[in-house]
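Colleague: Could you have a look at this structure, given as structure tokens, before my questions?
There are 2 protein chains.
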Amino acid sequence: MRTHRGISLTYGLLETLGQSIVIGDFDKDGFPTEAELCAKFGASRTVAREAVKMLTAKGLLSARPRQGTKVEPITQWNLLDPDVTRWLMERQYSNKIYREFTEVRLAIEPVAAALAAQRANKADIRAIRDGLNGMRDEAADHDAALLADIDFHVAILKASGNPFFLQLRALINTALRISIGLTNKISGHTASIPAHEAVLIAIENGDAVGAEKAMRAILLESLELLASFNPETTH
Amino acid sequence: MRTHRGISLTYGLLETLGQSIVIGDFDKDGFPTEAELCAKFGASRTVAREAVKMLTAKGLLSARPRQGTKVEPITQWNLLDPDVTRWLMERQYSNKIYREFTEVRLAIEPVAAALAAQRANKADIRAIRDGLNGMRDEAADHDAALLADIDFHVAILKASGNPFFLQLRALINTALRISIGLTNKISGHTASIPAHEAVLIAIENGDAVGAEKAMRAILLESLELLASFNPETTH
DNA sequence: CGAGCTATTTTATCTTACAAATTTGTGTAT
DNA sequence: ATACACAAATTTGTAAGATAAAATAGCTCG
């Protein structure tokens, strides 16, 4: 097996196996044994073992002598691991996963905005404003506007001063790409600038309650917009 | 090196290195090279490499040929990984980390309780009630009461029906152990049964708003109790 | 039937060798 | 002296073979 796109064999196999596990490819026949893995993917034992070890570290696999390697139930997966989140995104879209993402965002982001209102320094606020300005300036270019939107939300997580909140950036990234991807299909709608601006202003004013409410409004609006496109998305 | 407590060499080294990294042991001299690791811990290259690969999967390390293996900045760590959370707990207690844990709980648990009020089935409610009863019955035994308290909170995460919320069980586990450990030092105080009961009742009644408020009250109460013991905990 | 021993399967560990990537140094030409 | 090209050295990446350990299944003997 040759390296793929400059990625090492181990990381290539990690990606392949991670995606396959998340899709459910091994649900029928169980996960291959070490020897089978090597044969199936043309990998050396070293590569196969190290990929399996990384997947084990992310909670997707467990291995024991004689018993073999098996896929863990989803309750054991580190769903907030950036790789796992991405693999979940790369498999076919489902209303269920989008709703779950949004529920997490509705829990975290308003609280993060409230904390940001209390703690943001000048650099934090500049980063948030840069995101907002990017959304405005790139309104014509959907991809660029999406990136600016992501920057806006991540900047607020950062400004919360709580590193655990920042852990959700991969999830937000994923959720926004899904959301924007779908809403663009409808009408080329771009996220509401005034709603985002309200969050920024509240944070600048140190208005924690206002920032929390404004952020919640953004997420609910996005959820409703999606529901209008795809009614069963609501629940 | 011999196996330790039935744990494999690789997992033993994973623990040792994970704790050392989180403590900051390698901040001065940088992370050892593969050969140095083997020498330092008496491990084979296989064991050393697989432990490093798992730490890489958790975002704590990165490795490149010729450049060596290095500790990533904390912004790259998978802080919500159960192992990482535990290593953070095992290092010396700090008000900062406890506050951060509680902020995350304040974001997630009230929302989880609200969702649980909408979605909990009979088994979910039974599990929550079992936790509450356990807290009552074991009031004399602080360790048993702590475990019941944890069960109560985790059962609500589960009842939310959102698997991402359940990911925080390791963090809640950790936070509760810290919290109870400290409050016990004060006065042998046990978590407020009526406050917990209020959450259960709201969930049983399908009262999402009530469940959310009651859960938030529990967390704020615990935070205040701790602040009264340790004033600088508040901020 | 049951306890304990044996065989078997699969992962865990160790060792050695070589490949690849990247930095550092070195030399040569201009 | 500078800039480019090339060689050397260092560290991780990959491969392969052998042995150890763990856990299951089956078998033997009482």
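Protein chains in written order, with full-length UniProt numbering: chain A, 1 to 235; chain B, 1 to 235.
C-beta: ideal position from N, C-alpha, C; glycine also.
A quick note: this is a predicted structure, and the numbers were derived from the prediction, not measured.
1) Considering only residues of the same chain and omitting the five flanking positions on each side of THR102 (chain B), which have a CB-CB separation below 6 Å?
2) Whose CA, out of B:ARG119, B:ALA35, B:MET54, B:GLY6, lies closest to the CA of LEU17 (chain B)?
3) Going by the CB atoms, is the gap between ILE150 (chain B) and LEU200 (chain B) shorter than 7 Å?
4) Of all the residues that make up the stretch 55 to 83 of chain B, which are near chain A by a beta-carbon distance shorter than 9 Å?
5) Please confirm if the stretch 146 to 160 of chain A is in contact with the stretch 6 to 21 of chain B, defined as three or more CB-CB distances below 8 Å between the two stretches.
6) For THR16 (chain A) and chain B, any beta-carbon pair shorter than 7 Å?
7) Give the single residue among B:GLY59, B:THR174, B:PHE164, B:GLU221 whose Cα lies nearest to the Cα of LEU115 (chain B).
8) Looking at LYS58 (chain A) and ASP81 (chain A), is the spacing between their C-beta atoms short of 7 Å?
9) Please decide whether VAL104 (chain B) counts as near chain A, where near means a Cβ-Cβ distance under 7 Å.
10) Could you check if ILE203 (chain B) is buried or exposed, using at least 16 other CB atoms within 10 Å of its CB as the buried criterion?
11) What is the C-beta distance between LEU171 (chain A) and LEU157 (chain A), in whole angstroms, given that I count them as a contact (C-beta under 8 Å)?
12) Find out if the Cβ-Cβ distance for the pair ALA39 (chain B), THR10 (chain B) is shorter than 7 Å.
13) Select from B:ILE193, B:LYS70, B:PHE31 the residue whose C-alpha is nearest the C-alpha of GLY131 (chain B).
14) Touching or not, the stretch 109 to 125 of chain B and the stretch 209 to 221 of chain B, by the rule of three or more beta carbon pairs under 8 Å?
15) Measure from the alpha carbon of GLY134 (chain A) to the alpha carbon of each residue in A:LEU146, A:ASP124, A:ILE125, then state which is nearest.
16) Consider the Cβ of ILE108 (chain A): report whether some Cβ of chain B lies at a distance smaller than 7 Å.
17) Using a Cβ-Cβ cutoff of less than 6 Å, which residues in the same chain neighbour residue 302 (chain A) once the five nearest sequence positions on both sides are dropped?
18) So which residues of chain B does PHE164 (chain A) contact, with C-beta pairs closer than 8 Å?
19) Determine whether the Cβ of LYS53 (chain B) lies closer than 7 Å to any Cβ atom of chain A.
20) Rounded to the nearest angstrom, what separates VAL154 (chain A) and ASP141 (chain B) at their Cα positions?
21) Which first and last residues belong to the alpha helix (DSSP H) in which LYS70 (chain B) is found?
22) Looking only at C-alpha atoms, which of B:LEU61, B:LEU220, B:ASP124 sits nearest to ASN78 (chain B)?
23) What distance in whole Å lies between the Cβ atoms of THR33 (chain A) and ASN68 (chain A), which are believed to be in contact at a cut-off of 8 Å?
24) If we define contact as Cβ-Cβ less than 7 Å, is GLU212 (chain B) a contact residue for chain A?
25) Where do the N-terminal and C-terminal ends of the alpha helix (DSSP H) with LEU37 (chain A) fall, by residue?
26) Count the other C-beta atoms from every protein chain shown that fall within 10 angstroms of the C-beta of GLU100 (chain B), then say buried if there are 16 or more, exposed otherwise.
27) Could you tell me whether the Cβ atoms of PHE41 (chain A) and VAL71 (chain A) are closer together than 7 Å?
28) At 8 Å on the CB atoms, spell out the chain B contacts of LEU115 (chain A), in chain order.
29) Contact criterion: CB-CB distance below 7 Å. Does GLN19 (chain B) meet it with respect to chain A?
30) Please determine, among B:ASN162, B:ALA48, B:ASN95, the residue with the shortest C-alpha to C-alpha distance to THR75 (chain A).
31) Please classify ARG91 (chain B): does DSSP put it in a helix, a strand, or coil?
32) Run through the DSSP bridge pairs and tell me what SER44 (chain A) is partnered with.
33) Give me the chain B residues within the contact set of ARG129 (chain A), using Cβ-Cβ distance strictly less than 9 Å, ordered along the chain.
34) Taking the CB atoms as reference points, tell me whether ALA159 (chain A) and ALA120 (chain A) lie closer together than 7 Å.
35) Can you tell me whether DSSP reads LEU61 (chain B) as helix, strand or coil?
Modeller: The relevant details are as follows:
1) LEU223
2) If we check each option's Cα against that of LEU17 (chain B), B:MET54 comes out closest.
3) no
4) LEU55, THR56, ALA57, LYS58, GLY59, ILE74, THR75, TRP77, ASN78, LEU79, LEU80, ASP81, PRO82, ASP83
5) By the Cβ criterion, the stretch 146 to 160 of chain A is not in contact with the stretch 6 to 21 of chain B, since fewer than three pairs of Cβ atoms, one from each stretch, lie closer than 8 Å.
6) No, THR16 (chain A) does not count as interfacial toward chain B.
7) B:PHE164
8) yes
9) yes
10) Buried: at least 16 other Cβ atoms inside 10 Å.
11) Contact flag wrong, Cβ pair sits at about 10 Å.
12) One thing to note: ALA39 (chain B) has its Cβ no nearer than 7 Å to the Cβ of THR10 (chain B).
13) Here the closest residue by C-alpha is B:ILE193.
14) yes
15) A:LEU146
16) yes
17) Because chain A here runs from 1 to 235, residue 302 (chain A) falls outside it and cannot be looked at.
18) LEU79, LEU80, GLU100, PHE101, GLU103, VAL104, LEU171
19) yes
20) 44 Å
21) Premise fails: LYS70 (chain B) lies in the beta strand (DSSP E), 68 to 71, not in any alpha helix (DSSP H).
22) B:LEU61
23) Here the sequence assigns Gly to residue 68 (chain A), which means Asn is not the residue at that position. Right, the Cβ-Cβ distance comes to about 6 Å (below 8 Å), so this counts as a contact.
24) no
25) 34 to 41
26) buried
27) no
28) Neighbours of LEU115 (chain A) in chain B, taken as residues at a C-beta separation under 8 Å, are given in chain order as GLU103.
29) Chain A contact via Cβ: absent.
30) Considering only alpha carbons, the answer is B:ASN162.
31) coil
32) According to DSSP, SER44 (chain A) bridges with nothing at all.
33) Chain B residues near ARG129 (chain A): none, gap ~21 Å exceeds 9 Å.
34) yes
35) strand
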